[in-house]
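Residue numbers (the UniProt record's numbering): 1 to 125.
Structure below.
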């Protein structure tokens, strides 16, 4: 970059990059900056090594949480299945009501009430 000219935009003034005092100072002390970069990478890797066990234990916690969530999802799917079974029985009862008449309506709804009572633990007395 030394010797390249950049226009400032105002008038005909220009300056050379690399001729200013800051660029010279950076050039003289570039080894310090490269050492600082290597030092920070070394410190970062040491910190990761020290904390690796804590990091991996968090992954185990996440894995356990996902496992519990999947178990809850399975239970929820079973409950949805039971609800759908009840609805299917009620719809089948309603279908037979339309075909056979009102007498079936009473027996179907009472059967549904008895089934609901047996599931919830309530008696029909």
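C-beta: ideal position from N, C-alpha, C; glycine also. Keep in mind the model is a prediction, meaning the values are calculated, not measured.
It is roughly 10 Å from the alpha-carbon of residue 58 to the alpha-carbon of residue 52. If you draw a straight line from the Cα of residue 48 to the Cα of residue 63, it comes to about 21 Å.
Here the C-alpha atom of residue 69 lies approximately 12 Å from the C-alpha atom of residue 77.
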